[in-house]
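See below for the structure under consideration.
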Amino acid sequence: MTRGHEGKTAVISGAAAGIGQAAAVRLAGEGARVVIADRDNADETLGLIESAGGKAIAVRCDVSNPASVSTLKEAVERNGGRCDVLVNNAGIYPMQPFDEITFEDWRRVLSVNLDSMFLMTKALTAGMRGRGWGRIINIASDTVNLMVPNLVHYISSKAGVIGFTRSLATEFGERGVTVNTIAPGLTRTPGTLNQKIPGGVSNEELFDRMANTQSIKRSEVATDLVGAVSFLASDDAAFITGQTLYVNGGLTRST
Ligand SMILES: NC(=O)c1ccc[n+]([C@@H]2O[C@H](COP(=O)([O-])OP(=O)(O)OC[C@H]3O[C@@H](n4cnc5c(N)ncnc54)[C@H](O)[C@@H]3O)[C@@H](O)[C@H]2O)c1
631 MTRGHEGKTA VISGAAAGIG QAAAVRLAGE GARVVIADRD NADETLGLIE SAGGKAIAVR
691 CDVSNPASVS TLKEAVERNG GRCDVLVNNA GIYPMQPFDE ITFEDWRRVL SVNLDSMFLM
751 TKALTAGMRG RGWGRIINIA SDTVNLMVPN LVHYISSKAG VIGFTRSLAT EFGERGVTVN
811 TIAPGLTRTP GTLNQKIPGG VSNEELFDRM ANTQSIKRSE VATDLVGAVS FLASDDAAFI
871 TGQTLYVNGG LTRST
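Going left to right, the sequence shown walks through residues 631 to 885 as the working numbering numbers them.
Printed below as a string of structure tokens:
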């Protein structure tokens with residue numbers, strides 16, 4: 631592994647588990663100081679990073695809550711004050727038929743998945759813009775391009791993430807800050823392994839079904855995404871902004 635992110639601080643939301651954890655381990659392994667922002671205990675991620683000789687701290691934060699994001703901002707300031715790379719990864723994806731989604735459910739999914747982008751970007755990016763170097767990487771989902779049931783609130787929120795990314799990229803481009811989206815396919819993580827799927831389909835059946843729609847016919851795992859995160863966070867990606875990178879094994883048709 632290179633040390634390409636030496637001297638940088640990366641704030642990664644939802645890094646106590648899953649894709650965020652894999653991204654945190656990768657960026658820390660490449661020299662970044664990592665700040666984990668998660669509503670849950672992140673000891674497992676801290677252990678993985680520290681046992682490999684990396685540096686990380688964890689801050690309990692609900693990224694959908696303005697007061698909690700302010701507390702995170704204060705913690706980042708106490709930790710040296712930098713956020714060079716912001717990975718907005720935390721998200722939720724309850725599967726519910728449209729008729730069962732309450733307005734409260736809708737608001738919760740939109741808030742965790744999309745309000746969080748606004749709150750975290752407002753709180754943490756003034757420094758990178760001032761210094762003229764920064765990377766913002768927002769995690770969306772390839773479901774925005776598919777015909778997937780039971781996820782109306784989720785897919786609406788992730789389509790919003792792509793719009794947020796494109797518009798913000800146009801405003802931050804002159805300040806050395808790129809803003810891009812990564813859109814994973816169905817990935818084996820604690821969230822998807824414990825997912826309740828309406829209609830009696832088992833989780834393993836869903837993984838198999840998705841793998842069969844891909845050019846690469848195996849289930850995606852969290853480490854499949856970390857090369858894309860590392861690249862978009864690097865100097866090599868300085869002229870790439872407003873883009874969505876689909877990391878999904880090459881879907882060949884919609885489900
Ligand atoms: N796993 C997939 O198949 C898949 C596919 C496409 C997109 N994604 C997206 O990738 C991201 C990560 O998904 P995952 O599968 O790794 O999820 P996961 O459920 O395995 O882990 C998510 C992490 O985010 C944290 N989190 C959730 N809500 C939070 C909040 N309000 N504030 C702070 N932390 C919070 C959780 O505590 C957990 O540590 C999400 O945005 C998800 O929508 C996942």
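Even for Gly, the Cβ is constructed at its ideal location relative to N, Cα and C.
Item: Exposed unless 16 or more other CB atoms sit within 10 angstroms - verdict on M777; Value: exposed
Item: Separation of I785 from T885, as counted between CA atoms; Value: Low local confidence applies: a pLDDT of 48 at T885 is under 50, so the model's placement there is unreliable, with the coordinate-based value given in what follows. Looking at the two C-alpha atoms, the distance is approximately 14 Å.
Item: T808 versus L678: straight-line alpha-carbon distance, rounded; Value: 28 Å
Item: Any non-hydrogen atom of ligand 1 closer than 8 Å to V664 Cβ; Value: no
Item: Of the residues F802, A858, G815 and G880, the one placed nearest S845, counting alpha carbons only; Value: G880
Item: Selection from D692, R761 and Y723 that minimises the alpha carbon distance to M750; Value: D692
Item: Closer than 8 Å: Y876 CB and nearest ligand 1 heavy atom; Value: no
Item: Backbone CA spacing between V655 and V665 [nearest angstrom]; Value: 11 Å
Item: Spatially closest choice to T639 from F748, D866, V715 and S681, by CA coordinates; Value: V715
Item: Whole beta strand (DSSP E) elements within the region 782-844, 3-residue minimum; Value: 807-814
Item: Heavy atom of ligand 1 within 8 Å of P724 beta-carbon; Value: no
Item: Cα-Cα separation, I827 to S787; Value: 19 Å
Item: Straight-line Cα distance separating H783 from A867; Value: 31 Å
Item: Residues whose Cβ lies closer than 6 Å to any heavy atom of ligand 1, in chain order; Value: S643, G644, A646, A647, G648, I649, G650, D668, R669, D670, C691, D692, V693, S694, N719, A720, G721, I722, Y723, V742, I769, S771, P814, L816, T817, T819, P820, G821 and T822
Item: Secondary structure of V778, DSSP reduced to three states; Value: coil
Item: Backbone CA spacing between T871 and V774 [nearest angstrom]; Value: 19 Å
Item: Residue environment, R765, which counts as buried when at least 16 other CB atoms sit within 10 Å; Value: buried
Item: Closest residue to A682 among E704, A658, R759 and N671 (Cα-Cα distance); Value: A658
Item: V739 to T632 span [Cα, whole Å]; Value: 37 Å
Item: As assigned by DSSP and simplified to three states, the class of G648; Value: helix
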